[in-house]
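Visitor: If you scroll down you'll find the structure; I have some questions about it.
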Amino acid sequence: MLQPKRVKYRRAFRGSRSGVATRGSSLEFGEFGIKALETAWISARQIEAARRAMTHYTKRGGRLWIRVFPDKPVSRKRSRPCSYEESRSEITH
């Protein structure tokens, strides 16, 4: 999977996803390309799964250029904290 070798800060600001990409939206290598139709976060696992699916479909016959890199760390949302009433039965002393 893709991962940065070193990062300056462990956590990054979330930022915004609005707008259209100005760079990297044109075809630079090869004859065909895949274009995203809507904005979303994409993880290293998703990139790796897409790469495996495309190489399997082409039976390793063609070249494949991946021009995205997951350099922004995204942590999971915290789960809802359980209240005292919900966790009261789970306490064992």
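First residue of the sequence shown: 1, per the UniProt record's numbering; consecutive thereafter.
Quick reminder that beta carbons are idealized off the backbone N, C-alpha and C, glycines included.
Model, not experiment: these values are computed from the prediction.
Between the segment 5 to 24 and the segment 35 to 45, can you find at least three pairs of beta-carbon atoms closer than 8 Å?
Guide: Yes, since at least three Cβ pairs between the segment 35 to 45 and the segment 5 to 24 fall closer than 8 Å, the two stretches touch.
Visitor: Run through DSSP, which three-state label would Ile-66 get?
Guide: coil
Visitor: In whole angstroms, what separates the C-alpha of Val-68 from that of Lys-59?
Guide: 22 Å
Visitor: Please identify the residue among Ser-16, Gly-61, Ala-50 whose C-alpha is closest to the C-alpha of Leu-2.
Guide: Taking only the C-alpha atoms, the option nearest Leu-2 is Ala-50.
Visitor: Do you know whose CA, among Leu-64, Gly-15, Pro-73, Arg-6, lies nearest Ser-43's CA?
Guide: Pro-73
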